[in-house]
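Order-wise, the sequence lines are chains A and B.
First residue of the first sequence: 9, per my numbering; consecutive thereafter.
First residue of the second sequence: 9, per my numbering; consecutive thereafter.
Heads up: the structure comes next, in structure tokens.
2 protein chains.
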Amino acid sequence: MADRLTIFDTTLRDGEQSPGISLDAGEKLEIAEQLARLGVDVIEAGFPVASEGDFEAVKAIAAAVHGPVICGLSRPHLSDVDRCWEAVRAAERARIHVFISTSPNHMEHMLKMTPEQVLAATRSGVARAREHTDDVEFSPQDATRTPLDFMIEVLQVAVEAGATTLNIPDTVGYGIPWDFGALIQYVRREVKGDYVTSTHCHNDLGLATANSLAGVQAGARQVEVCVNGLGERAGNAALEEVVMAIRTRPDQFPGVEVGVRTEELARTSRMVARLTGYPIQYNKAVVGRNAFSHESGIHQHGVLADRSTYEIIDADTVGSTGSQIVLGKHSGRHAFSNALKELGITVHGDTLDAAFRRFKELADRKVQLTDADLEAIVAEELGTHVGDGFELESLEVRGGTVGTPAATVVVLRGGEKLEATEEGDGMIDAACRAIKEATGVEGRLVEFNVSSVTGGVDALGDVVVQVEADGVRVSGRGLSTDVVEASARAYLSAVNRLLRVRDRAEERRAVEATP
Amino acid sequence: MADRLTIFDTTLRDGEQSPGISLDAGEKLEIAEQLARLGVDVIEAGFPVASEGDFEAVKAIAAAVHGPVICGLSRPHLSDVDRCWEAVRAAERARIHVFISTSPNHMEHMLKMTPEQVLAATRSGVARAREHTDDVEFSPQDATRTPLDFMIEVLQVAVEAGATTLNIPDTVGYGIPWDFGALIQYVRREVKGDYVTSTHCHNDLGLATANSLAGVQAGARQVEVCVNGLGERAGNAALEEVVMAIRTRPDQFPGVEVGVRTEELARTSRMVARLTGYPIQYNKAVVGRNAFSHESGIHQHGVLADRSTYEIIDADTVGSTGSQIVLGKHSGRHAFSNALKELGITVHGDTLDAAFRRFKELADRKVQLTDADLEAIVAEELGTHVGDGFELESLEVRGGTVGTPAATVVVLRGGEKLEATEEGDGMIDAACRAIKEATGVEGRLVEFNVSSVTGGVDALGDVVVQVEADGVRVSGRGLSTDVVEASARAYLSAVNRLLRVRDRAEERRAVEATP
Chain A
9 MADRLTIFDT TLRDGEQSPG ISLDAGEKLE IAEQLARLGV DVIEAGFPVA SEGDFEAVKA
69 IAAAVHGPVI CGLSRPHLSD VDRCWEAVRA AERARIHVFI STSPNHMEHM LKMTPEQVLA
129 ATRSGVARAR EHTDDVEFSP QDATRTPLDF MIEVLQVAVE AGATTLNIPD TVGYGIPWDF
189 GALIQYVRRE VKGDYVTSTH CHNDLGLATA NSLAGVQAGA RQVEVCVNGL GERAGNAALE
249 EVVMAIRTRP DQFPGVEVGV RTEELARTSR MVARLTGYPI QYNKAVVGRN AFSHESGIHQ
309 HGVLADRSTY EIIDADTVGS TGSQIVLGKH SGRHAFSNAL KELGITVHGD TLDAAFRRFK
369 ELADRKVQLT DADLEAIVAE ELGTHVGDGF ELESLEVRGG TVGTPAATVV VLRGGEKLEA
429 TEEGDGMIDA ACRAIKEATG VEGRLVEFNV SSVTGGVDAL GDVVVQVEAD GVRVSGRGLS
489 TDVVEASARA YLSAVNRLLR VRDRAEERRA VEATP
Chain B
9 MADRLTIFDT TLRDGEQSPG ISLDAGEKLE IAEQLARLGV DVIEAGFPVA SEGDFEAVKA
69 IAAAVHGPVI CGLSRPHLSD VDRCWEAVRA AERARIHVFI STSPNHMEHM LKMTPEQVLA
129 ATRSGVARAR EHTDDVEFSP QDATRTPLDF MIEVLQVAVE AGATTLNIPD TVGYGIPWDF
189 GALIQYVRRE VKGDYVTSTH CHNDLGLATA NSLAGVQAGA RQVEVCVNGL GERAGNAALE
249 EVVMAIRTRP DQFPGVEVGV RTEELARTSR MVARLTGYPI QYNKAVVGRN AFSHESGIHQ
309 HGVLADRSTY EIIDADTVGS TGSQIVLGKH SGRHAFSNAL KELGITVHGD TLDAAFRRFK
369 ELADRKVQLT DADLEAIVAE ELGTHVGDGF ELESLEVRGG TVGTPAATVV VLRGGEKLEA
429 TEEGDGMIDA ACRAIKEATG VEGRLVEFNV SSVTGGVDAL GDVVVQVEAD GVRVSGRGLS
489 TDVVEASARA YLSAVNRLLR VRDRAEERRA VEATP
């Protein structure tokens with residue numbers, strides 16, 4: 009009988025902990041809905057106790073997203089577990105994921121707890137979770153640096169207290185495939201009871217995908233992964249790599265079944281890249297721009313003769329084929345909304361109106377808008393549509409090698425018009441200074457990334473910035489046929505977000521954690 | 009006794025086959041010199057028969073770079089082998105790398121040769137190479153899809169003909185660590201003679217690093233790698249990942265010794281990213297921006313208490329620490345040239361003058377220039393300094409949300425002044441149109457990437473574009489405090505390169521290949 013491998017996506021929890029990523033509830037919901045379309049088995053939606061914002065986002069996802077199990081992360085404190093349950097209980101199927109550090113290093117330096125205290129906390133936390141739901145996961149954080157006998161002891165306690173999934177996190181990305189596989193094998197042999205074994209591999213040495221697969225070969229039947237390999241530091245195992253490795257090499261994973269609709273991989277990857285502001289490198293496996301391109305003469309010759317000479321994955325399989333939908337400035341609201349539906353994009357409430365207005369503005373300047381453009385427009389609106397934020401009314405810039413670059417901006421807030429003119433080292437600098445002056449919000453531009461949504465000179469420029477103020481870092485996104493305008497929009501969207509997350513970020517700082 | 013693992017870098021051969029990468033001889037030499045400083049054992053400098061440009065670049069590297077073995081790739085044709093030897097013979101130590109496809113798929117669809125013909129070509133090609141040098145490598149291309157008995161037969165023939173290294177390429181990235189390791193083990197057991205076994209792993213499933221390490225564990229003592237994991241499609245095993253995995257986990261590779269100076273890894277990675285125009289994703293292992301950053305509260309708390317709680321690699325070890333050198337507009341030529349020397353950057357001939365002029369221009373507009381800025385300036389000059397190319401004399405642009413974006417450019421060529429004014433969808437578009445008009449060179453902007461060299465609003469914008477014309481794709485690079493100016497410079501540098509490589513690219517298309 010085929011053996012189902014549970015795909016546990018933690019893009020919204022571990023992925024969102026990457027520096028500068030700060031998704032709001034609407035963006036998280038959009039990603040969660042795409043993950044459901046992709047067909048993942050479990051969505052780890054957040055860490056509800058970390059902040060009010062995290063709590064609300066998890067709650068919204070639990071209520072709205074159908075299909076996958078919705079999971080919340082929790083420390084073993086009883087009040088944390090109860091709070092986590094509050095967030096996920098509305099889901100069709102809800103999971104609580106309890107974790108605590110078990111390595112001597114972490115227990116001593118971070119928790120300041122004895123092994124006995126850690127065992128007791130594990131028992132009580134898991135038991136409390138089990139009172140709420142019969143789907144309880146437990147993780148001994150920094151497992152790969154925990155003495156084996158103590159790890160087995162903690163895991164056995166967790167199973168006895170009611171844990172149904174045991175997750176083995178390689179928190180610092182220290183594992184090597186064969187020793188990580190051996191660790192999973194050891195857990196399966198030594199820990200008695202009825203549970204699913206899970207992997208959670210970080211990529212510090214570039215081995216997260218391989219370690220996850222070694223875990224599956226050793227009997228793990230859940231993998232914790234992130235879209236595009238996001239996550240702390242070098243990130244987690246990439247969902248698309250783990251899934252495609254198993255699909256491409258079924259001979260190496262006899263009987264293992266993965267329920268993901270791979271033709272949604274490319275779109276999921278693009279959506280996550282846009283909303284997080286984390287571009288995908290050209291040579292990224294499976295979802296990178298080059299994954300299906302061939303440069304050298306002999307390779308091109310080979311592929312023309314027979315695709316399989318140099319390709320082991322069909323681009324169609326992961327949804328990496330050309331645009332199908334083309335809209336122009338004469339397309340109406342109905343066509344726009346239909347196109348979004350065809351793309352599987354569900355836009356909630358006012359965002360649809362705002363996205364349609366932006367579509368019309370952009371269609372006036374660019375002849376054709378493809379599905380990739382539409383995805384980008386929706387992504388921009390999800391990021392900038394803030395009830396009481398600043399709006400860009402107009403921008404005028406001039407620059408070049410001759411005079412000093414200068415910009416004039418007019419922004420609106422609650423009917424009020426604010427105008428400022430500033431000079432700068434470049435036109436983007438000038439525009440950002442003018443926005444600072446007009447809004448009165450200070451901030452430092454720490455990262456800046458532009459990519460064109462589709463090829464060609466008339467492509468839309470998609471700008472993602474990261475702005476830092478008082479130790480809080482947020483991202484903003486802007487779209488335009490002009491890069492300076494897109495940058496100004498991105499900066500203004502970051503300013504709006506800065507105002508919104510500043511409190512939340514400070515609250516979060518005190519409690520957040522991760523396996 | 010410690011066992012030396014040969015680090016064989018193929019950034020300049022397989023890496024350079026990535027779409028849009030087109031390094032000239034000066035850039036290749038710059039990278040080769042940095043690879044020598046990094047301490048790799050072998051540099052595969054190119055595929056001499058592919059084009060005159062490739063031949064000249066390999067020859068220049070063989071003559072100038074000290075330390076590593078300099079290797080050239082060759083098909084088994086006797087004339088190809090001889091030509092390859094011509095290119096590498098000036099090296100202190102020279103290697104010829106002979107390859108031929110051995111999988112049924114490749115033999116039938118691509119080579120249109122019988123297995124007997126492939127065996128004969130292997131024997132004669134390797135023997136010819138051995139007449140030139142006693143350091144000869146052989147690769148059966150697409151080894152992982154070659155029937156085992158035929159692969160062993162070919163390898164045995166290669167050893168008998170004089171091959172000293174047998175490289176097993178996973179050309180399509182099809183391997184899984186345990187089966188690739190088993191393949192290496194099988195080769196070592198079945199092929200008789202005195203040779204070093206080598207891995208060449210592609211990353212289509214995200215497993216290139218793991219497969220290379222599995223090969224080492226199985227007895228391979230050479231790994232073929234690229235800086236930043238460059239290469240065809242999803243690229244090759246990343247040099248920095250393979251090296252740091254072995255250094256971080258010596259317990260898993262008993263006795264294996266790697267001679268790389270890891271503190272040069274970060275700089276090597278930056279240089280390759282700049283010169284190739286392939287940005288590094290934030291969450292890239294070892295060399296990504298996030299590799300040593302920590303977002304969540306508990307992680308930050310842990311790292312403050314003790315670095316090892318969440319870090320297994322010290323940032324100093326890979327050279328990822330802050331800037332040391334700061335120059336300003338009052339810094340003279342001597343200080344500039346000294347700073348480059350300190351950075352280990354050797355700039356040849358006129359490029360130093362040109363780089364110094366650009367330094368002064370930029371220093372007038374940016375208060376402080378750090379070592380990262382200096383690296384970027386040199387990278388720009390290496391890319392744009394073309395004897396008879398166009399030069400940007402001046403640029404004036406205006407744009408925003410109100411009027412139509414417009415640009416006026418003046419370019420110089422051989423004393424002649426060419427001016428044009430154009431409108432566009434955005435200011436960059438307008439600037440590119442004006443350059444097209446002024447230079448008379450058509451081209452399509454297919455990719456566009458801006459990053460800031462260092463943080464802050466006053467950072468230098470580093471723009472890399474890819475421009476396509478008549479099926480030839482080239483990259484260009486520009487640096488400025490203003491993004492539109494940097495883009496115009498990048499576009500113009502691509503135009504210059506387009507003129508230069510068009511012929512070469514067509515010549516190359518006919519013969520190029522790769523294991």
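Where a beta carbon is used, it is the ideal one built from N, C-alpha and C, also for glycine.
> Which residue's Cα is closest to the Cα of residue 490(B): 459(B), 33(B) and 204(B)?
Replying inline: By 1-based counting over the second sequence, the position of residue 490(B) is 482. Residue 459(B) is the option with its Cα nearest to residue 490(B).
> Is the stretch 210 to 217 of chain B in contact with the stretch 174 to 185 of chain B, if contact means three or more CB pairs nearer than 8 Å?
Replying inline: yes
>> Beta-carbon within less than 8 Å of residue 269(B)'s beta-carbon, same chain only, minus the 5 sequence neighbours each way: which residues are those?
In response: As a working note, residue 269(B) is residue 261 in the second sequence. Counting only Cβ-Cβ distances below 8 Å, and skipping sequence neighbours, we find 45, 46 and 47.
>> Please report whether the beta-carbon of residue 402(A) lies at a distance below 7 Å from any beta-carbon of chain B.
In response: Reading the first sequence from its first residue, position 394 is the one you call residue 402(A). Cβ-Cβ to chain B under 7 Å: yes for residue 402(A).
> Beta-carbon separation of residue 126(A) and residue 79(A) under 7 Å?
Replying inline: Here residue 126(A) corresponds to residue number 118 of the first sequence, with the count starting at 1. Here residue 79(A) corresponds to residue number 71 of the first sequence, with the count starting at 1. Against a cut-off of 7 Å, the Cβ pair of residue 79(A) and residue 126(A) comes out as no contact.
> Assuming residue 20(B) contacts residue 54(B) under a Cβ cut-off of 8 Å, what Cβ separation, rounded to an integer in Å, is found between them?
Replying inline: As a working note, residue 20(B) is residue 12 in the second sequence. As a working note, residue 54(B) is residue 46 in the second sequence. Right, their Cβ atoms sit about 6 Å apart.
> Which class does residue 352(A) belong to by DSSP, given the choice of helix, strand or coil?
Replying inline: As a working mapping, residue 352(A) is identified with position 344 in the first sequence. Coil, per DSSP.
> Should residue 105(B) go down as buried or exposed, given a rule of 16 or more other Cβ atoms within 10 Å for buried?
Replying inline: Locating residue 105(B) in the second sequence gives position 97, counting from the first residue. Classification of residue 105(B): buried, given that the 10 Å Cβ count is 16 or more.
> Whole-angstrom Cβ separation of residue 335(B) and residue 370(B), contact assumed at under 8 Å?
Replying inline: The residue given as residue 335(B) occupies position 327 in the second sequence. The residue given as residue 370(B) occupies position 362 in the second sequence. Wrong, their Cβ atoms sit about 10 Å apart, outside the cutoff.
> Does the beta carbon of residue 249(A) sit closer than 7 Å to a beta carbon anywhere in chain B?
Replying inline: Start at 1 with the first residue of the first sequence, and residue 249(A) comes out as number 241. Yes, contact with chain B.
> Can you tell me the Cα-Cα spacing of residue 345(A) and residue 239(A), whole angstroms?
Replying inline: For the purposes of this step, residue 345(A) is identified with residue 337 of the first sequence, where counting begins at 1. For the purposes of this step, residue 239(A) is identified with residue 231 of the first sequence, where counting begins at 1. Computed Cα separation, rounded: 33 Å.
> Apart from the five residues just before and just after residue 388(A), which ones in its own chain have a Cβ nearer than 6 Å to its Cβ?
Replying inline: Start at 1 with the first residue of the first sequence, and residue 388(A) comes out as number 380. Once the five neighbours on either side are set aside, the close Cβ partners of residue 388(A) are 485 and 487.
> Under 7 Å between C-beta atoms, does residue 260(A) make it to chain B?
Replying inline: By one-based count along the first sequence, residue 260(A) stands at place 252. It does; some Cβ of chain B falls within 7 Å.
> Hey, is residue 508(A)'s beta-carbon within less than 7 Å of any beta-carbon in chain B?
Replying inline: Position 500 of the first sequence, counted from the first residue, corresponds to residue 508(A). Not one chain B Cβ lies under 7 Å of residue 508(A).
>> Here's the rule: buried if 16 or more other CB atoms are within 10 angstroms of the residue's CB, otherwise exposed. What is residue 262(B)?
In response: Taking the second sequence and counting its residues from 1, the one referred to as residue 262(B) is at position 254. It is exposed - the Cβ of residue 262(B) has fewer than 16 other Cβ atoms within 10 Å.
>> Is the beta carbon of residue 119(B) closer than 7 Å to that of residue 111(B)?
In response: Locating residue 111(B) in the second sequence gives position 103, where the first residue counts as 1. Locating residue 119(B) in the second sequence gives position 111, where the first residue counts as 1. Cβ atoms of residue 111(B) and residue 119(B): not closer than 7 Å.
> Taking buried to mean at least 16 other C-beta atoms within 10 Å of its own C-beta, is residue 155(A) buried or exposed?
Replying inline: The count along the first sequence starts at 1 and reaches residue 155(A) at position 147. Exposed.
> Which word fits residue 17(A), buried or exposed, when buried means at least 16 other C-beta atoms lie within 10 angstroms of its C-beta?
Replying inline: By 1-based counting over the first sequence, the position of residue 17(A) is 9. By the 10 Å Cβ count, residue 17(A) comes out buried.
> Out of curiosity, what's the CA-to-CA distance linking residue 297(A) and residue 26(B)?
Replying inline: For this step, residue 297(A) is matched to residue 289 along the first sequence. For this step, residue 26(B) is matched to residue 18 along the second sequence. Roughly 11 Å separates the two Cα atoms.
> With a CB to CB cut of under 6 Å and the five nearest residues on each side skipped, what residues in its chain are close to residue 63(A)?
Replying inline: If you number the first sequence from 1, residue 63(A) lands on position 55. Counting only Cβ-Cβ distances below 6 Å, and skipping sequence neighbours, we find 56 and 95.
>> If we define contact as Cβ-Cβ less than 7 Å, is residue 211(B) a contact residue for chain A?
In response: Here residue 211(B) refers to the residue found at position 203 of the second sequence. It does; some Cβ of chain A falls within 7 Å.
> residue 78(A) touches chain B at which residues, Cβ-Cβ below 7 Å?
Replying inline: Within the first sequence, numbered from 1, the residue matching residue 78(A) stands at position 70. Those do not exist, as residue 78(A) stays about 21 Å from chain B at its closest Cβ, beyond 7 Å.
>> I believe residue 249(A) touches residue 327(A) by the beta-carbon criterion, under 8 Å. Please report the beta-carbon distance rounded to the nearest angstrom.
In response: Counted from its first residue, the first sequence places residue 249(A) at position 241. Counted from its first residue, the first sequence places residue 327(A) at position 319. Incorrect: roughly 15 Å between the Cβ atoms, too far for contact.
> Could you check where the beta strand (DSSP E) with residue 175(B) kicks off and where it finishes?
Replying inline: Position 167 of the second sequence, counted from the first residue, corresponds to residue 175(B). Segment 173 to 178, the beta strand (DSSP E) holding residue 175(B).
> Which residues in the same chain have their Cβ closer than 7 Å to the Cβ of residue 194(B), if we skip the five residues on either side of it in sequence?
Replying inline: Taking the second sequence and counting its residues from 1, the one referred to as residue 194(B) is at position 186. Closer than 7 Å at Cβ, skipping near neighbours: 156.
> Alpha carbon to alpha carbon, what distance is there between residue 207(A) and residue 124(A)?
Replying inline: Position 116 of the first sequence holds residue 124(A). Position 199 of the first sequence holds residue 207(A). Roughly 25 Å between the two C-alpha positions.
> Closest to residue 324(B) by CA distance: which of 292(B), 352(B), 275(B) and 357(B) is it?
Replying inline: Locating residue 324(B) in the second sequence gives position 316, where the first residue counts as 1. When each option's Cα is compared against that of residue 324(B), the closest is 275(B).
> Any idea which residues DSSP pairs residue 12(A) with across the strands?
Replying inline: Working through the first sequence from its first residue, we reach residue 12(A) at position 4. The partner list for residue 12(A) (beta bridge, DSSP) reads 265(A).
> Which of the three DSSP states, helix, strand or coil, is assigned to residue 254(B)?
Replying inline: Taking the first residue of the second sequence as position 1, residue 254(B) is located at position 246. Correct three-state label for residue 254(B): helix.
> So does the stretch 494 to 511 of chain A actually touch the stretch 24 to 40 of chain B, counting three or more Cβ pairs closer than 8 Å?
Replying inline: no
>> For a minimum of 4 consecutive residues, which ranges assigned as the alpha helix (DSSP H) are wholly contained in the stretch 416 to 448 of chain A?
In response: 435 to 447
> So residue 160(B) is in the alpha helix (DSSP H); what residue range does that whole segment cover?
Replying inline: Residue 160(B) sits at position 152 when you count from the first residue of the second sequence. Per DSSP, residue 160(B) belongs to the alpha helix (DSSP H) from 156 to 169.
> Along the stretch 478 to 490 of chain B, what residues have a CB closer than 8 Å to any CB found in chain A?
Replying inline: 488, 489 and 490
> What residues of chain B sit near residue 187(A), judged by a beta carbon separation below 7 Å?
Replying inline: The residue labelled residue 187(A) in the question sits at position 179 within the first sequence. Within chain B, the residues near residue 187(A) are 260.
> With which residues is residue 3(A) paired in a DSSP beta bridge?
Replying inline: Because chain A spans 9 through 523 in this model, residue 3(A) falls outside it and cannot be assessed.
> Closest Cβ-Cβ distance between residue 193(B) and chain C: below 7 Å?
Replying inline: The displayed structure is made up of protein chains A and B, and chain C is not among them.
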